Amino acid sequence: MRLLASALVAGTALWQAPPTFRSGIDLVEIAAIVRDTNGAPITDLSAEDFTITERGVPQQIAVFDRVSLPIERSTPATGQAAAPDVSTNEDIADARIFVIVLDALHVSPQRTQAVRAAAKRFIDNHVGPSDLVAVVSPGAVDAATQDFTTSKAHLLAAIDQFTGSKLRSATVEIEEERRQAVLSGILMHEGRDPSDTERADRAESLVRVLQALSVHLDRVEHRRKALLLFSEGIDYNVTDALGVTQRNASGVIRSMNEAVGALMRSNVSVYAIDPRALTAAGADQLDRPTHRLSPYAPRPDGTAPQIGLAEPSLDAEYAASVTSLRQVAESTGGFAAVNSNDLDGAFGRIVLDSSEYYVLAYAPSDPGKPGEFREVSVKVSRPGASVIARKGYTVPRRARTALVAADNPDPAIPGFGQRRAGARPLSGGADSIVPAPQGATGGLANDLRALLASPLPKAGLPMRVQAIPFARGARQGAALLVVEVLGNALRFERRGNRFEETIELALMTVDAKAKGGNGRSTRLALRLDTQEVQRVRATGVRWLERIELAPGRYQVRVAGRAAGTGLTGLVTYDVEIPRFEPQDPAISGIALTSLTSVVMITRGESGLDALRTPPSAARRFAAGDQMVAGVEVFVPARELRVSAEVASDDGLNTPPLVRTIHGGTTARYEQVTFPIDTTALGPGSFVLRVTAAEPDQSGRLVREVPFEIVAAAAR
Numbered sequence: 000m001r002l003l004a005s006a007l008v009a010g011t012a013l014w015q016a017p018p019t020f021r022s023g024i025d026l027v028e029i030a031a032i033v034r035d036t037n038g039a040p041i042t043d044l045s046a047e048d049f050t051i052t053e054r055g056v057p058q059q060i061a062v063f064d065r066v067s068l069p070i071e072r073s074t075p076a077t078g079q080a081a082a083p084d085v086s087t088n089e090d091i092a093d094a095r096i097f098v099i100v101l102d103a104l105h106v107s108p109q110r111t112q113a114v115r116a117a118a119k120r121f122i123d124n125h126v127g128p129s130d131l132v133a134v135v136s137p138g139a140v141d142a143a144t145q146d147f148t149t150s151k152a153h154l155l156a157a158i159d160q161f162t163g164s165k166l167r168s169a170t171v172e173i174e175e176e177r178r179q180a181v182l183s184g185i186l187m188h189e190g191r192d193p194s195d196t197e198r199a200d201r202a203e204s205l206v207r208v209l210q211a212l213s214v215h216l217d218r219v220e221h222r223r224k225a226l227l228l229f230s231e232g233i234d235y236n237v238t239d240a241l242g243v244t245q246r247n248a249s250g251v252i253r254s255m256n257e258a259v260g261a262l263m264r265s266n267v268s269v270y271a272i273d274p275r276a277l278t279a280a281g282a283d284q285l286d287r288p289t290h291r292l293s294p295y296a297p298r299p300d301g302t303a304p305q306i307g308l309a310e311p312s313l314d315a316e317y318a319a320s321v322t323s324l325r326q327v328a329e330s331t332g333g334f335a336a337v338n339s340n341d342l343d344g345a346f347g348r349i350v351l352d353s354s355e356y357y358v359l360a361y362a363p364s365d366p367g368k369p370g371e372f373r374e375v376s377v378k379v380s381r382p383g384a385s386v387i388a389r390k391g392y393t394v395p396r397r398a399r400t401a402l403v404a405a406d407n408p409d410p411a412i413p414g415f416g417q418r419r420a421g422a423r424p425l426s427g428g429a430d431s432i433v434p435a436p437q438g439a440t441g442g443l444a445n446d447l448r449a450l451l452a453s454p455l456p457k458a459g460l461p462m463r464v465q466a467i468p469f470a471r472g473a474r475q476g477a478a479l480l481v482v483e484v485l486g487n488a489l490r491f492e493r494r495g496n497r498f499e500e501t502i503e504l505a506l507m508t509v510d511a512k513a514k515g516g517n518g519r520s521t522r523l524a525l526r527l528d529t530q531e532v533q534r535v536r537a538t539g540v541r542w543l544e545r546i547e548l549a550p551g552r553y554q555v556r557v558a559g560r561a562a563g564t565g566l567t568g569l570v571t572y573d574v575e576i577p578r579f580e581p582q583d584p585a586i587s588g589i590a591l592t593s594l595t596s597v598v599m600i601t602r603g604e605s606g607l608d609a610l611r612t613p614p615s616a617a618r619r620f621a622a623g624d625q626m627v628a629g630v631e632v633f634v635p636a637r638e639l640r641v642s643a644e645v646a647s648d649d650g651l652n653t654p655p656l657v658r659t660i661h662g663g664t665t666a667r668y669e670q671v672t673f674p675i676d677t678t679a680l681g682p683g684s685f686v687l688r689v690t691a692a693e694p695d696q697s698g699r700l701v702r703e704v705p706f707e708i709v710a711a712a713a714r
């Protein structure tokens, strides 16, 4: 079962100084929604208005905060001119966190399109431009999963790969075997569910995914996390305790309880969306046998079936599946949208729940034993107010801080056991870098390892990241990472006539099967004079790193830490390495640079010599700056034309610049650059489009990058 291993985090727009939540199991955090009698959020409560009891014992509230995120107008993916090619953690304060779970194991194939349409509706109509969303599809192909992203196009592409694969009804399969037994005299499974084992395994698989998601999301503190579960519910008769028709009821119940406990502990609210909408189980003709026997008709051997809840029926199956959806949703502070086709109403409520709420934390007066369930109640003193919050939590079996080893490199981050040799010094003066002392390169700092293991980007140390993909063939590719740390978050300590600051950066990749690799790190020990300090504060520092990757989808995670302020940050980036055959043309991603790009202190080489100045992750340039765009193209042994044009928001395009590369006797890679006249463009938002094609327009490839021009004084 593929499991999401990915990324995002958000803060509240109201924060002045965020409250501190201690790691581990000493603080229990609860996100509480408070509404008045009309269902409107109540937003003016204080900590004194809340009462928290654990097993009936009042608890002292240690941390209190109100989260209020603006609900922005959603823009459909089809309305986006070009997706941003740079990720940043500079402005993630207004992001909501959504995980969409498309339960292929418990969605009938004939409802595949309904689930796709509903999930797309949520993305297009209810997800804001800053919201971070992930798609997980247990039981579906790998392509039906997407790590956390703000790209609606990526999310919709993953949803399009979803296909339901729910088993046929247990009632139908049992009755069909009984009908065959009338003719053959042999009851193959003794009147039990023929798919009992697989049905239980599917329930266990879904449970494992929910538990694993809860572990990842548990690292995200001070944030309500919404999980949208598109499912027809657990397909198992949990009332059959005696094993009359299904033998694994107790195991399924135990696993479901563990999953609910894990979700409650991680502050994850589940919203169950039943794709059957208003269609009752009895109306689903595809699940019915041609001639349905009475549940209590005599069996082929002449015996009568046991009269009780264990005897299967379509109506009982439907009721049990709805109960399973309601149990997991309501226990975690969410709700189940069943027997209703008002999707927009349900989706709007989910977004509102994730936009206005209170975060409270307390240290339990009785810590409890590991694995023990602790019932929690949250109430407010405001007359007529109602509270929606999780109903308890399970005491963790180990503290979250134990997930990061104290002295050993993280085994999930290959390559962090030793420093990569041959790192180039920063440009900007011979004294700009202080060599790291011997013995200080044995492993990555714990806080950076913990960040790279986090599922969500983290604000703090502001960074920008671009991953430029390069095609190298059917089995090999590469990505150039442009990592920029902004200077306004750095604090320099003066020593003599020099100013010192140290920045640690680390990165890793996660492939489509959630396997980590390509662990790299660097330490930028800055020792600058007065002019260099001013330059860094205005621009920042840059790290260029090239990594070899096989064709496919990856998430790149970049973590950073500044010693002077102690600030840390994490940025994630989705990149796809293209695959091509030697007889076909190929084009890399677009690298942008400008005259001001050379001002930023840079470590590493881009390999794009034609640019002459380092590629930049900035996408805002001052009018008058000399911009240059560069790409690398693979030229088969025939002519190839590469062109670039700039389009504005109002639809006006600049005349295309065309570069013709004549074919030779052998295929080759060539770098092509295009100057961009920012003065002629004037202030505004633009899209640069680079196209590579043969003269007859065959093999046409297009790359796009959005950017902005501002007046020189406003930059």
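Its first residue numbered 0, the sequence shown is counted upward by one per residue in numbering that gives the first Met the number 0. Cβ atoms here follow ideal geometry from the backbone N, Cα and C, with glycine treated the same way. All figures in this text were calculated on a predicted structure; none of them were measured in a lab.
What does the alpha-carbon distance come out to for the pair LEU687 and ALA345?
Along the sequence shown, one-based indexing puts residue 687 at 688. Along the sequence shown, one-based indexing puts residue 345 at 346. Taking the CA atoms as reference points, LEU687 sits about 39 Å from ALA345.
Given GLN533 as reference, the closest of LEU485, ALA458, ASP102 and GLY551 once Cα atoms are compared
Residue numbering aside, residue 533 sits at position 534 when the sequence shown is read from its first letter. The shortest Cα separation from GLN533 among LEU485, ALA458, ASP102 and GLY551 belongs to LEU485.
Where does LEU205 fall in DSSP's three states?
Here residue 205 is taken as the residue at index 206 of the sequence shown, counted from 1. In the structure shown, LEU205 sits in a helix (DSSP, three-state: H, G or I).
What does DSSP give as the partner residue(s) for PRO674 in the beta ladder?
Indexing the sequence shown from 1 puts residue 674 at position 675. Per DSSP, VAL627.
Quick one: which unbroken alpha helix (DSSP H) runs of 4-plus residues sit fully inside the stretch 640-701? Chain order, please.
Inside the stretch 640-701, DSSP marks whole alpha helix (DSSP H) runs of 4 or more residues at positions 677-680, from first to last along the chain.
Can you tell me the Cα-Cα spacing of GLY551 and GLU575, whole angstroms?
What you label residue 551 is simply residue 552 of the sequence shown in a count that begins at 1. What you label residue 575 is simply residue 576 of the sequence shown in a count that begins at 1. In a straight line, the C-alpha of GLY551 is about 6 Å away from that of GLU575.
Would you call LYS151 buried or exposed, if buried means 16 or more other Cβ atoms sit within 10 Å of its Cβ?
By one-based count along the sequence shown, residue 151 stands at place 152. Burial is judged here by how many other beta carbons sit within 10 angstroms of a residue's own beta carbon; LYS151 has at least 16 and is buried.
Considering only the beta carbon of each residue, do ALA199 and TYR270 sit closer than 8 Å?
Taking the sequence shown and counting its residues from 1, one reaches residue 199 at position 200. Taking the sequence shown and counting its residues from 1, one reaches residue 270 at position 271. Between ALA199 and TYR270, the C-beta spacing is not below 8 Å.
Out of ILE349, ASN340, ALA679 and MET263, which has the shortest C-alpha to C-alpha gap to PHE334?
On the sequence shown, position 335 is the one that residue 334 refers to. Nearest neighbour of PHE334 by Cα position, chosen from ILE349, ASN340, ALA679 and MET263, turns out to be ILE349.
Give me the Cα-Cα distance between VAL208 and MET255, rounded to the nearest whole angstrom.
On the sequence shown, position 209 is the one that residue 208 refers to. On the sequence shown, position 256 is the one that residue 255 refers to. In this structure, the CA atom of VAL208 is about 11 Å from the CA atom of MET255.
I'd like the list of long-range same chain contacts for PRO288, defined as Cβ closer than 6 Å, with 5 residues on each side in sequence excluded.
Mapped onto the sequence shown, residue 288 falls at position 289. Interpretation of PRO288 is limited by its pLDDT of 44, a score under 50 that renders its predicted location unreliable; no figure is taken from the coordinates.
Should ALA679 go down as buried or exposed, given a rule of 16 or more other Cβ atoms within 10 Å for buried?
In the sequence shown, residue 679 corresponds to position 680, counting from 1. ALA679 is exposed by the Cβ-count criterion.
Grouping DSSP H, G and I as helix and E and B as strand, with all else coil, what is THR400?
Position 401 of the sequence shown, counted from the start, is the residue given in the question as residue 400. Note that THR400 has pLDDT 37, beneath the 50 cutoff, so the model's placement of it is unreliable and no number is given.
Pull the bridge partners of ARG494 from the DSSP assignment, please.
On the sequence shown, position 495 is the one that residue 494 refers to. Residue pairing for ARG494: DSSP places it in a beta bridge opposite ARG497.
Cα-Cα separation between GLY588 and ALA248, rounded to whole angstroms
Counted from its first residue, the sequence shown places residue 588 at position 589. Counted from its first residue, the sequence shown places residue 248 at position 249. Here the alpha carbon of GLY588 sits roughly 53 Å from the alpha carbon of ALA248.
Specify the secondary structure class of PRO468 as computed by DSSP and reduced to three states.
As a working mapping, residue 468 is identified with position 469 in the sequence shown. The answer is strand: DSSP assigns PRO468 an E or B state.
Taking PHE372 as the reference, which of VAL379, LYS378, PRO363 and SER380 has the closest Cα?
As a working mapping, residue 372 is identified with position 373 in the sequence shown. When VAL379, LYS378, PRO363 and SER380 are compared, the shortest CA-CA separation from PHE372 is found for PRO363.
Would you decide whether GLY138 is buried or exposed? Buried here means 16 or more other CB atoms lie within 10 Å of its CB.
Reading the sequence shown from its first residue, position 139 is the one you call residue 138. Buried is the call here.
Closest Cα partner of ASP695 within the set PRO577, VAL641 and ASP624
The residue labelled residue 695 in the question sits at position 696 within the sequence shown. Cα-wise, what sits closest to ASP695 is VAL641.
Is the beta carbon of ALA537 less than 8 Å from the beta carbon of ARG519?
One-based indexing of the sequence shown puts residue 537 at position 538. One-based indexing of the sequence shown puts residue 519 at position 520. For ALA537 and ARG519, no; Cβs fall outside 8 Å.
Return the CA-CA distance between VAL214 and ALA261, expressed in angstroms with no decimal places.
Your numbering for residue 214 matches position 215 in the sequence shown. Your numbering for residue 261 matches position 262 in the sequence shown. When rounded, the distance between both Cα atoms is 8 Å.
Per DSSP, what kind of secondary structure is GLY721 in: helix, strand or coil?
Residue 721 lies beyond the residue range present for the chain, which begins at 0 and ends at 714; the question has no answer from this structure.
Does DSSP classify ALA622 as helix, strand or coil?
Position 623 of the sequence shown holds residue 622. The answer is coil: DSSP assigns ALA622 none of H, G, I, E or B.
If you check the beta carbons only, do THR50 and ARG65 fall under 8 Å apart?
Counting from one through the sequence shown, the residue named residue 50 turns up at place 51. Counting from one through the sequence shown, the residue named residue 65 turns up at place 66. Result no, Cβ atoms of THR50 and ARG65 do not sit closer than 8 Å.
Residue burial classification, ARG556 (beta-carbon count within 10 angstroms, cutoff 16)
Counting from one through the sequence shown, the residue named residue 556 turns up at place 557. Flag for ARG556 reads buried.
Kindly indicate which three-state DSSP category ASN517 falls into: helix, strand or coil?
Taking the first residue of the sequence shown as position 1, residue 517 is located at position 518. The DSSP-derived three-state label of ASN517 is strand.
My parser needs the alpha helix (DSSP H) runs of 4 or more residues fully inside the stretch 302-360; what are they?
The stretch 302-360 contains these whole alpha helix (DSSP H) runs: 313-330 and 342-352.
Is it the case that the Cβ atoms of LYS457 and THR567 are separated by a distance below 8 Å?
As a first step, residue 457 must be located in the sequence shown, where it is residue number 458. As a first step, residue 567 must be located in the sequence shown, where it is residue number 568. Yes, the Cβ-Cβ distance between LYS457 and THR567 is below 8 Å.
Could you spell out where the beta strand (DSSP E) holding THR148 opens and where it closes?
Here residue 148 is taken as the residue at index 149 of the sequence shown, counted from 1. THR148 -> beta strand (DSSP E) spans 145-148.
On a Cα-Cα basis, can you pick out the residue from LEU455, VAL132, SER354 and GLY459 that is closest to THR564?
Residue numbering aside, residue 564 sits at position 565 when the sequence shown is read from its first letter. Looking at the Cα atoms, GLY459 is the closest of the given residues.
Among all the DSSP beta bridges, which residues are the ones paired with MET507?
Counting from 1 along the sequence shown, the entry for residue 507 is found at position 508. The beta-bridge partner set that DSSP reports for MET507 consists of ARG556.
What is the rounded straight-line gap between the Cα of ARG699 and the Cα of ILE586?
The residue labelled residue 699 in the question sits at position 700 within the sequence shown. The residue labelled residue 586 in the question sits at position 587 within the sequence shown. Rounded to whole angstroms, ARG699 to ILE586 spans 10 Å at the Cα level.
For a test of the three-state rule: what should DSSP assign to MET255, helix, strand or coil?
Within the sequence shown, residue 255 is the residue found at index 256, counting from 1. Here DSSP, grouped into helix, strand and coil, assigns MET255 to helix.
Contacts around THR87, its chain only, beta-carbon distance under 6 Å, and the 5 residues preceding and following it disregarded
Within the sequence shown, residue 87 is the residue found at index 88, counting from 1. Counting only Cβ-Cβ distances below 6 Å, and skipping sequence neighbours, we find ARG463.
Grouping DSSP H, G and I as helix and E and B as strand, with all else coil, what is LEU480?
As a first step, residue 480 must be located in the sequence shown, where it is residue number 481. Strand at LEU480.
Hey, quick one: how far does the alpha helix (DSSP H) through GLN582 stretch, first residue to last?
Position 583 of the sequence shown, counted from the first residue, corresponds to residue 582. For GLN582, there is no enclosing alpha helix (DSSP H), as DSSP marks it with neither H nor E.
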